[in-house]
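Structure, as structure tokens:
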Amino acid sequence: MGDTSYLENLGFSQNEAKVYTALLKNKLLNGYEIAKLSGVSRSLVYEVINRLVVKGVLFRLEGEPSYYTPLAYGKLIERMKREHENNINKAEEYLRNLAGEEESHDYVMNIVGIDKTIRKAAVLIDGAQEEISLSVWQEEFMLLKGALRRAIERGVKIYLFTFEDIEMDGCVVFSYRISDASQLFPYRRLTLVVDSDQCLTGENSGDRSVFTYTKNHAIVSLATDEIVLNIFWFQYMKKKGYLCAGNTAKDFLHDIENMAKELNIGSDMTKNLMVYDFQRRMHGNEEGLRER
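Just so you know, we're using the numbering used here here: the sequence shown kicks off at 9 and counts up by one.
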């Protein structure tokens, strides 16, 4: 017989596991054959069989003698998953009530590494019920595309903001479609807000990335405001006719400078914004190299 410890870990007794696996392998057996092939003694085998019949794991075909057939393993595993999840939910509710404490939403959790962050983001997206707002770059978008598609199929509203050229049916996309957007920023920030209740945000720097997850209302509001303001800024630039197909980072910065003049935003104000400061430092370095 093979190793039955996996079934035992899932609640089967050792004899129940032996009987079920013997039937699964041989499909249809009577009691005598089950005892012989499973290694369970004839004095115990009918008691074990009856327990499994009651549990719906085996089916009895009445006759002289009676024969037995197993529940398909796929259906068994699916049923055990549902029961396990249901038991966990009930245990969680029981323990929460026992503790007499409301769940705290104010904690902030740091997640280290982009792989763990993407897995967390996918879990949040899969749990979304009403609305998702996501500011994202192409690379991270491709990793989350499957989870986003599942959310669309559930009827969740999705708003995507990006500087790169991203399209996805079923989403409202606000995309600058800048061909070389990576030249604009010294980072790739990802911000995800789910159901206006929780957020995940940070900058992708590979294994050293540190992202923040929280349900803290103030931080969720800040993350939401960032995405909304980016969308407002995008819509304003679009209305003013600054956006066109094939925009480059240089075009975008030129448009920003023109709009800063139009809106009377001085350099003392804009120099603190990372995109401007980063570009100015790069430009300064290039000028310095040319002077040498």
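Just so you know, even glycine gets a beta-carbon here, dropped at the ideal spot from N, CA and C. All values reported here derive from a predicted model rather than from experimental measurement.
DSSP three-state assignment for residue i, whether helix, strand or coil
{"i": "Ile-273", "result": "coil"}
{"i": "Lys-279", "result": "Confidence at Lys-279 is low in this model, with a pLDDT of 48, below 50, so the placement of that residue should be treated as unreliable; the coordinate-derived value is given next. If DSSP states are grouped into helix, strand and coil, Lys-279 belongs with coil."}
{"i": "Tyr-221", "result": "strand"}
{"i": "Leu-144", "result": "Checking the sequence, you will find Val at residue 144 rather than Leu. Correct three-state label for Val-144: coil."}
{"i": "Gly-154", "result": "helix"}
{"i": "Leu-15", "result": "helix"}
{"i": "Tyr-54", "result": "helix"}
{"i": "Val-65", "result": "coil"}
{"i": "Gln-137", "result": "coil"}
{"i": "Thr-256", "result": "coil"}
{"i": "Val-202", "result": "strand"}
{"i": "Gly-39", "result": "helix"}
{"i": "Leu-230", "result": "helix"}
{"i": "Glu-211", "result": "strand"}
{"i": "Met-117", "result": "strand"}
{"i": "Leu-168", "result": "strand"}
Cβ-based neighbour list, residue i, same chain, cut-off 8 angstroms, excluding 5 preceding and 5 following
{"i": "Gly-39", "result": "Arg-50, Val-53, Tyr-54, Ile-57, Pro-73, Ser-74 and Tyr-76"}
{"i": "Leu-152", "result": "Ile-126, Ala-129, Ala-130, Ile-133, Leu-142 and Val-144"}
{"i": "Ala-43", "result": "Ser-49, Arg-50 and Val-53"}
Candidates the options, of which the one nearest residue i by Cα
{"i": "Leu-132", "options": "Met-176, Arg-158, Phe-20 and Ser-217", "result": "Arg-158"}
{"i": "Lys-258", "options": "Tyr-250, Leu-192 and Tyr-115", "result": "Leu-192"}
{"i": "Leu-60", "options": "Asn-34, Asp-114 and Ser-21", "result": "Ser-21"}
{"i": "Thr-12", "options": "Ser-46, Glu-100, Lys-124 and Leu-36", "result": "Ser-46"}
{"i": "Thr-232", "options": "Tyr-195, Asp-215 and Ser-143", "result": "Ser-143"}
{"i": "Ile-186", "options": "Asp-263, Lys-33, Lys-63 and Leu-18", "result": "Asp-263"}
{"i": "Phe-6", "options": "Tyr-167, Ala-136, Ala-107 and Gln-137", "result": "Residue 6 lies beyond the stretch modelled for the chain, which goes from 9 to 300, so this question has no answer here."}
{"i": "Leu-230", "options": "Ile-119, Gly-249, Val-201 and Tyr-244", "result": "Val-201"}
Residue i classed as buried or exposed, judged by whether at least 16 other C-beta atoms fall within 10 angstroms
{"i": "Asn-255", "result": "buried"}
{"i": "Lys-89", "result": "exposed"}
{"i": "Asn-105", "result": "exposed"}
{"i": "Cys-252", "result": "exposed"}
{"i": "Arg-301", "result": "Residue 301 lies beyond the range of the chain shown here (9 to 300); nothing can be said about it."}
{"i": "Phe-182", "result": "buried"}
{"i": "Glu-24", "result": "buried"}
{"i": "Tyr-244", "result": "exposed"}
{"i": "Ala-107", "result": "exposed"}
{"i": "Ile-119", "result": "buried"}
{"i": "Phe-240", "result": "exposed"}
{"i": "Val-27", "result": "buried"}
{"i": "Phe-67", "result": "exposed"}
Beta-carbon separation (whole angstroms), residue i vs residue j, contact threshold 8 angstroms
{"i": "Glu-139", "j": "Ser-204", "result": "7 angstroms"}
{"i": "Val-228", "j": "Gln-206", "result": "6 angstroms"}
{"i": "Asn-95", "j": "Phe-169", "result": "Asn-95 to Phe-169, Cβ: 40 angstroms. No contact."}
{"i": "Gly-121", "j": "Asp-215", "result": "5 angstroms"}
{"i": "Thr-222", "j": "Val-116", "result": "5 angstroms"}
{"i": "Ala-189", "j": "Phe-171", "result": "4 angstroms"}
Closer than 8 angstroms to chain D by CB, residue i
{"i": "Gly-163", "result": "Although the question refers to chain D, the structure presented lacks it and comprises just one protein chain."}
Close Cβ partners of residue i (< 6 angstroms) along its chain, the five nearest in sequence each way excluded
{"i": "Leu-79", "result": "Val-65"}
{"i": "Ile-160", "result": "Gly-178"}
{"i": "Leu-15", "result": "Ala-25"}
Cβ shell of residue i (< 7 angstroms), same chain only, five flanking positions each side left out
{"i": "Leu-18", "result": "Met-88"}
{"i": "Asp-173", "result": "Ser-183 and Arg-185"}
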